[in-house]
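Heads up, the thing below is written out as C-alpha cells.
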Amino acid sequence: ATDLDRLPRAQGGAEPQLARDLRQVLEHARTLAPQFQDEYISVEHLLLAIVSVPGCSAARVLAHFGVTTDILLAAIQDLRGSHRITDENPEATFEALKKYGRDLTEMARAGKLDPVIGRDDEIRRVMQVLTRRTKNNPVLIGEPGVGKTAVAEGLAGRIASGDIPEILAHRRIIALDMGALIAGAKYRGEFEDRLKAVLKEVIDSDGEVILFIDEMHILIGAGAAEGAMDAANLLKPALARGELRCIGATTLTEYRTHIEKDAALERRFQPVLVGEPSVEETIAILRGLKERYEVHHGVRITDSAILAAATLSARYITDRFLPDKAIDLIDEAASRLRIEIDSLPTEIDEQERTALRLEIEKRALAKEKDAASRERLATLDSDLAELKERIAGQKASWLREKELIARIREIK
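The sequence shown: position 102 = 151 (the numbering used here), numbered continuously.
Now the structure itself:
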C-alpha cells in the first residue's frame, strides 16, 4: 500500500507522463537488445533492465524473492539457447519441438506407447533407409489403418530399448503435430516462423532428432497464405542438404495425388510400402495388445474373442483394413462389457421394477376387505419377500464381483 501511495497520479486535464523509473527501464532494455544480437526488445530485456535499475519498486520485489541478474541470465540461456529475437512474437519460436511435437522415444521409455507386434520387415527397411548417405528419408505408404504410425512407434520402442544399430542409437523420434503448428497462425509469415524454429532445432541437434510427419500430404499447401511459402518448400532445402532426417507417413492415394506431383519433394524421400497384415498376423497383433485393453476396460479378453474379431472383421467389414477394424471390434465389445459391469445388470434392474409393481399392487389390496383380496395379498407378500431376497443376493454377488474386478485392475 505504501508503494502504491508513492506512485504518481494524474489530476485534471494534464496528460500522464512516463515515470522516471519506467523511462530508465525502457532505455536500459533498448541498450540490452543489441548485446544479445536481438532485433526486437523482448520480455527478458525488460526483466534484466528492471533488476538493473536501483531504487525501482519492481526491482525490490524481485530482489525479495532472490531474483538476481545472474539467475535471470542463466534462465534466459536455458530457455533461448542460441536463438536470436528476429520478430515481434519470439515466445512462439522458443522450445518449438516441445510445443509442436511429441517425443515418441521418451513415450516408449515411459511405457505410454502400445506394443508393436510384427512389422519387423518394415522397421528394418526404415532403419536401412535412415542409415543411407543420401535420400535417407523414408516415407511409409499404406492404406488407412494398416499400421503406418505403429512402424514409427516400433522404431521409437527399439531405440528406447537399445535394440538398434549403433549408428541410430541415442536418436530421438519427434512426431510433428501439424495441427498445433498451423493453429492460431493468423498473421502472414507466422506459420513459417514456427516451422523454421522447429527445423532449426532439428538441424542444431546434429542428427540426434529424427522428425516423424504423419499425414505427410498435409505439408503440400500447409500455411501457404498470400505471399507465403508452404511447409513442403520450407523443408526442401534442409532435406536437400542432408541436414534433416525425416520419416513421413501417408496413404497410397494421397501420395500419388500430392507427393508424386511435386518431383523435387518426392525425390528426397524413399518409399516404404506398409501392406495390410493377414488374419494370422492380425491375431498376433491383437494378442500383443490384449493386456493393454484388459487393463483399460477392466475386463478379461479371451483368445476365442480375439480369433473371432480378426476373422469376422476380415469377412464382414469390407470398407476398412486390418488390424484397425479388428482392434476396433475388441475395443467396442470390451467397452460395452465395461458399461454392463459398472452399471446395474439388466436382470437385477428388471426384478427391481417387478418388485416396485408388486409393492404398488400390495398397497392397493391392503385397502380391500373381501376374501379374494386377502388371499391375493398373502400370496403377494410371499412373492415379494422371495423376490427381495433374490434381488439382495444377486446385488451382493454383483458388488463382490465389481469390487474384485476393481482390485484386479489396481494390481495390473
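By construction, the Cβ of each residue, glycine as well, lies at the ideal position given by its N, Cα and C atoms.
Item checked: N- and C-terminal bounds of the alpha helix (DSSP H) containing Gly203 -> Reading the sequence shown from its first residue, position 154 is the one you call residue 203. Run containing Gly203: Lys197 to Ser210, per the alpha helix (DSSP H) assignment.
Check: Should Ser446 go down as buried or exposed, given a rule of 16 or more other Cβ atoms within 10 Å for buried?
Finding: Here residue 446 refers to the residue found at position 397 when the sequence shown is read from its first residue. Exposed, because fewer than 16 other Cβ atoms sit within 10 Å of the Cβ of Ser446.
Item checked: Alpha-carbon spacing of Gly463 relative to Ala78, whole angstroms -> For the chain, the structure presents residues 50 to 461; residue 463 sits outside this window and is missing.
Next item on the list: Specify whether the stretch 186 to 193 and the stretch 315 to 322 touch according to this definition: at least 3 beta carbon pairs, one from each stretch, less than 8 Å apart.
Entry: yes
Checklist line | Local conformation of Ile166 per DSSP, three classes | finding: Position 117 of the sequence shown holds residue 166. Coil at Ile166, not helix or strand.
Item checked: Cα-Cα separation between Arg439 and Thr428, rounded to whole angstroms -> What you label residue 439 is simply residue 390 of the sequence shown in a count that begins at 1. What you label residue 428 is simply residue 379 of the sequence shown in a count that begins at 1. Roughly 17 Å between the two C-alpha positions.
Item checked: Under the three-state DSSP convention, the category Thr299 falls into -> In the sequence shown, residue 299 corresponds to position 250, counting from 1. In this structure, Thr299 counts as strand in the three-state DSSP scheme.
Margin query: Taking the beta carbon of Lys485 as the centre, do at least 16 other beta carbons fall within 10 Å, making it buried, or is it exposed?
Written below: For the chain, the structure presents residues 50 to 461; residue 485 sits outside this window and is missing.
Next item on the list: Compare the C-alpha of Lys374 against each of Leu179, Gln84 and Val195 and name the closest.
Entry: Along the sequence shown, read from residue 1 onward, the residue named residue 374 stands at position 325. Measuring from the Cα of Lys374, the nearest candidate turns out to be Val195.
Check: Does DSSP put Leu393 in a helix, in a strand, or in coil?
Finding: Position 344 of the sequence shown, counted from the start, is the residue given in the question as residue 393. DSSP places Leu393 in coil when its eight states are reduced to three.
Item checked: For Gly297 and Asp212, the rounded distance between their alpha carbons -> Position 163 of the sequence shown, counting from 1, holds the residue named residue 212. Position 248 of the sequence shown, counting from 1, holds the residue named residue 297. So the alpha carbons of these two residues sit roughly 22 Å apart.
Item checked: Collapsed DSSP secondary structure at Ile259 in the structure displayed -> Counted from its first residue, the sequence shown places residue 259 at position 210. Reduced to three states, the DSSP call for Ile259 is strand.
Check: How about Arg168 and Gly203: are their beta carbons less than 7 Å apart?
Finding: Numbered from its first residue, the sequence shown carries residue 168 at position 119. Numbered from its first residue, the sequence shown carries residue 203 at position 154. It is a contact, given that the beta carbons lie within the stated cut-off.
Item checked: Between the CA atoms of Arg349 and Ala357 - distance to the nearest angstrom -> What you label residue 357 is simply residue 308 of the sequence shown in a count that begins at 1. What you label residue 349 is simply residue 300 of the sequence shown in a count that begins at 1. Cα to Cα, Ala357 sits roughly 15 Å from Arg349.
Note to self: Contact between the stretch 175 to 187 and the stretch 292 to 310 is defined here as three or more beta-carbon pairs at a separation below 8 Å; is this criterion met?
What the structure shows: yes
Notebook entry, point to check: From Gly256, Arg387 and Asp279, pick the residue whose C-alpha is nearest to that of Arg181; which is it?
Noted result: Position 132 of the sequence shown, counted from the start, is the residue given in the question as residue 181. Of Gly256, Arg387 and Asp279, the residue nearest in Cα terms is Gly256.
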